[in-house]
Amino acid sequence: MHKRIFSLLSAIALTGSAAAEVAYEFVPDFIQPPPGKATIGNGHGEIAVDSAGKIYVSVQERDAGIQVYGADGKFIKALLLPPSLHGFVIRKDNGGEFIFAAVLGEAKVIKCDLEGKVLMTIPTSEFPADKMGKGLKLTNCDVAPNGDIYVVDGYGQSYIFVFSREGKFKSVFGGPDEPLKLANAHKIFIDKRFEPARVMICDRGHKRMLHTQLDGTFIGEIATGMRNPSSASFHGDLMCVAEIAGNVSVWDKNNKRVADLGTSPKPTNTPKIEPKDWQQGIVTSPHGITFDNDGNILETEWNQWGRVLRWNLKK
Amino acid sequence: MESVGPCFEVEPQEVTDAEFSNDELPMRHRLRAFVIRVVSFIILSFPLSAFGHGAEFLSAKLTLLPEAEVLLEVTADYGGNPLIADEAAAKQALLDPIRLRSGDTLVPLSKVAAARVSKHDNWAEFAPAAYLPPDTESQAHALITSSWRWRSAVQEIVFEMPKGKLHDVLLWTRDDTQPESSPKWMLLLAGDQSKAIPVHWTPWWRRRQTVMALIGLMLAIAYFVSRNFTLRQRTL
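Top to bottom, those sequences are chains A and B.
Every letter in the first sequence is one number past the one before it in our numbering, and letter 289, counting from 1, is 300.
Every letter in the second sequence is one number past the one before it in our numbering, and letter 100, counting from 1, is 130.
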């Protein structure tokens, strides 16, 4: 364990010089919870930013699955959505801007507008029955440039399902067997830093990230030996990653680690770290992450009280 | 805004109160309505935390016993761990979950003791409160625990996770000789090493076996002395 801490500290030291062009500073107490609440509420989800700069955080609250905050961190409203939006993205598609979300507790995918109105559902019945195992446990989805929707069964068998823009099943790849041999593929993202776009898979069980082509053909590993990568986001050539065992990392397009943020001195993976034990700038169990439109990083944690941390890009 | 595609039916289907209140409904419809109500009640009262994932690690409870004895109980959850699909996978994970560092080598637990395997559903006994899965109270867990018990030949033990290990291990240390002391835990990922854990080392001359052997030896000597003394008395 000491070796791991040492290597992380070394990486931090190295990145200070090697990537002087990318540095971040922690912003304490950025999020201001809804009125009457000390914290935002039970977090086991994702965070995303829309084109207007508003921040969306999913929490496990009935009929208020997503909270919306202004760019200044002030609470605006809650959206009337299911409580188990484990993974979601905000994407522009076909002229509009929408939330695409995996509803873990209901084994379905929803597409809704930014007011929380559900416009389309991909129900359980649309998934191929022979790939469901003991039941779907959908953890995330993303949208390819052609409108195809990619969905991962991250707490199930780690299959990645591809649906058309209209929600019709097209294909499936990944899963526990060769060639990808995924284990707890927690979240997937369409990596549009590349042309053509790629699928970026957080293969959390194997502590690695990997790229495939959009048809599922293996391209290569991005990194191994991570602290259990759980989520990612892209901005320019950079990718930030939430590692649930206690780290936030930033990577360039050449798969080089250029920054580590909030590294926990010892690995963690629990939602039960109470607010009294939180330390400013130190993560507990990062679960969701996003860049905002200016390249600042927002991270949400697996935490029963709910926690969001922010690092601003130093310019 | 442009068309965004069809809106599929949201699951599960909603059932209105009007459907339930109709006294003219045939019996099977009333029964169906009753079942739907019960199911709806169960779904609605299901704790939100149940949507959470379970423990994505093996819990290794280490108990330090007197006289350098060590008990390590490693538990796998094949009901709530997405990395463990079934009982067979749980047993496989428990075959060689963590190793002991001995000089330059990593010693499998099977080399120090034979494993005792038991099945149960009691998470609280085998993981610290801070790491119990969020749904511990609301969901049945399928747990398998493998236990190794041995007497340490060294005064400090060090556990290590071989590189490439799929399953993280939460090492939870309890000192049985100091029950009031708070347990300590550390999460070990592949390649991680625990800090040195001192066992309750007892010098060889104070160990129970040594004391018993010495008492036995003294009794034997006393017996032979008294026997020889008696024989000599008789020959005289």
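Yeah, the Cβ is synthetic: ideal placement off N, Cα and C, and Gly gets one too.
Identify the continuous beta strand (DSSP E) that holds residue i and give its terminal residues.
| i | result |
| --- | --- |
| A/GLN328 | Since the first and last residues shown for chain A are 12 and 326, residue 328 of chain A lies out of range. |
| A/ALA234 | 229-234 |
| B/MET191 | That residue, B/MET191, is in no beta strand (DSSP E); it is neither H nor E in DSSP. |
| B/ALA90 | 87-94 |
| B/TYR108 | First-last for B/TYR108: undefined, no H or E at that position. |
| A/LYS198 | 196-202 |
| A/PHE205 | Unbroken run through A/PHE205: none, as it is neither H nor E. |
| A/PHE138 | That residue, A/PHE138, is in no beta strand (DSSP E); it is neither H nor E in DSSP. |
Using 9 Å as the limit for Cβ to Cβ distance, is residue i near chain A?
| i | result |
| --- | --- |
| B/PRO112 | yes |
| B/LEU136 | no |
| B/GLY82 | Caution is warranted here: a pLDDT of 47 is assigned to B/GLY82, below 50, making its placement in the model unreliable, and the coordinate value is therefore given only provisionally. For B/GLY82, the answer is yes, since a Cβ of chain A falls inside 9 Å of its Cβ. |
| B/ASP206 | no |
| B/LEU219 | yes |
| B/ASP126 | no |
| B/ASP222 | yes |
| B/ALA172 | no |
| B/ALA120 | no |
| B/ALA90 | no |
| B/ALA243 | no |
| B/ARG67 | No answer about B/ARG67 holds up, because its pLDDT of 49 lies below 50 and its placement is not dependable. |
| B/ALA143 | no |
| B/ALA6 | This structure does not reach residue 6 of chain B, given that chain B is present from 31 up to 266, and the question cannot be answered. |
Starting from residue i, find everything on chain B with Cβ-Cβ shorter than 9 Å and list it in chain order.
| i | result |
| --- | --- |
| A/LYS287 | Simply none; closest approach about 13 Å. |
| A/LYS277 | MET216 and LEU217 |
Can you name the residues of chain A whose CB is closer than 8 Å to the CB of residue i?
| i | result |
| --- | --- |
| B/TYR108 | Those do not exist, as B/TYR108 stays about 11 Å from chain A at its closest Cβ, beyond 8 Å. |
| B/LEU196 | ALA194, GLY216 and HIS217 |
| B/ALA160 | THR281, LYS283 and ILE284 |
Could you tell me which chain A residues have their CB closer than 9 Å to the CB of residue i, listed as they occur along the chain?
| i | result |
| --- | --- |
| B/MET248 | Near B/MET248 there are no residues of chain A at all, since even the closest Cβ is about 48 Å away, more than 9 Å. |
Quick one: does residue i have its CB under 9 Å from some CB of chain B?
| i | result |
| --- | --- |
| A/ARG238 | yes |
| A/GLY165 | yes |
| A/ALA24 | Confidence at A/ALA24 is low in this model, with a pLDDT of 44, below 50, so the placement of that residue should be treated as unreliable; the coordinate-derived value is given next. No, A/ALA24 lies away from the interface with chain B (no Cβ there is under 9 Å from its Cβ). |
| A/GLN78 | no |
| A/GLY144 | yes |
| A/GLN168 | yes |
| A/GLU312 | no |
| A/LEU44 | Here the sequence assigns Pro to residue 44 of chain A, which means Leu is not the residue at that position. No, its Cβ sits nowhere closer than 9 Å to a Cβ of chain B. |
| A/LEU92 | no |
| A/PRO139 | no |
| A/PRO156 | no |
| A/PRO297 | no |
| A/PRO187 | yes |
| A/LYS48 | no |
Just the chain A side, please: which residues come within less than 7 Å of residue i by C-beta, in chain order?
| i | result |
| --- | --- |
| B/GLU155 | The premise fails here: B/GLU155 is roughly 17 Å from chain A at the closest Cβ pair, so nothing lies under 7 Å. |
| B/PHE87 | ASN280 |
Identify the contact partners of residue i in chain B, using a Cβ-Cβ distance below 8 Å as the criterion.
| i | result |
| --- | --- |
| A/ALA256 | ASP198, LEU217 and LEU219 |
Taking the alpha helix (DSSP H) that residue i falls in, what are its first and last residues?
| i | result |
| --- | --- |
| B/SER267 | Coverage of chain B is limited to positions 31 through 266, which leaves residue 267 of chain B absent and any answer about it impossible. |
| B/GLN122 | 117-125 |
> In the region 67-91 of chain A, which residue ranges form an unbroken beta strand (DSSP E) of at least 3 residues, counting only runs that do not cross its ends?
Replying inline: 77-80 and 86-90
> Along the chain, which unbroken stretches of the beta strand (DSSP E) at least 3 residues long are found entirely within the region 150-181 of chain A?
Replying inline: 151-154, 160-163 and 170-174
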